[in-house]
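Here's the structure we're looking at; comments come further down.
Numbering (my numbering), first residue to last: 166 to 383.
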């Protein structure tokens, strides 16, 4: 009578190791398939982020866009309808508020310069010096600010003549443009948007020393 061969302990361990390897490969294949499925469902979208601090009133142009804006890819489902996503939305934006670095940018944070011009029938840029006015907040004015202009009568009564005038740009005494983020330079010349029909009255009152300016703080 022949003896039945029995597996040695070493062979048993080998079979167990092979089975474990096969099971691990099967789990890995399943996990890989799940990952591929998840990536297929993940649709990327591009949003703009502040690459540096954007001061209130700063105008975004093609020349400085790389300084202030950075594109970032994220899950499209996380992008709100108000987010800045299109390069065509960027040119001519004016920051309404101070925007810190790293903030996801939305349209509500900016004003379109074209919208400012729509407020006027025939927009022109009028300039005046801070020295031209007896009282003016010229030193602290920056591009993007709003001002009210009052006319003072011979009876010393002040009348609000122009409201929410948009400051287009300001310059120092050397004729250099003062950027929105500059908090130390003193504005010596101020450019504002006016309606063409108002320019004659503006300069007549300016020459008479009858104009006063206040800055809108909001």
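Idealized CB from N, CA, C, for every residue including glycine.
Three-state secondary structure assigned by DSSP to residue i
| i | result |
| --- | --- |
| residue 376 | strand |
| residue 258 | strand |
| residue 209 | strand |
| residue 272 | helix |
| residue 334 | strand |
| residue 363 | helix |
Classification of residue i by the beta-carbon crowding that lies within 10 angstroms, buried from 16 upward
| i | result |
| --- | --- |
| residue 328 | exposed |
| residue 267 | exposed |
| residue 282 | exposed |
| residue 280 | exposed |
| residue 248 | buried |
| residue 259 | buried |
| residue 287 | exposed |
| residue 325 | exposed |
| residue 373 | exposed |
Where the beta strand (DSSP E) through residue i begins and ends
| i | result |
| --- | --- |
| residue 289 | 288 to 294 |
| residue 218 | Per DSSP, residue 218 belongs to no beta strand (DSSP E) and is neither H nor E. |
Presumed contact (8 angstroms Cβ cut-off) between residue i and residue j, rounded CB distance
| i | j | result |
| --- | --- | --- |
| residue 295 | residue 355 | 7 angstroms |
| residue 364 | residue 291 | 6 angstroms |
| residue 308 | residue 332 | 6 angstroms |
| residue 310 | residue 222 | 6 angstroms |
Residue i - containing alpha helix (DSSP H), residue span
| i | result |
| --- | --- |
| residue 282 | 278 to 283 |
| residue 231 | 230 to 233 |
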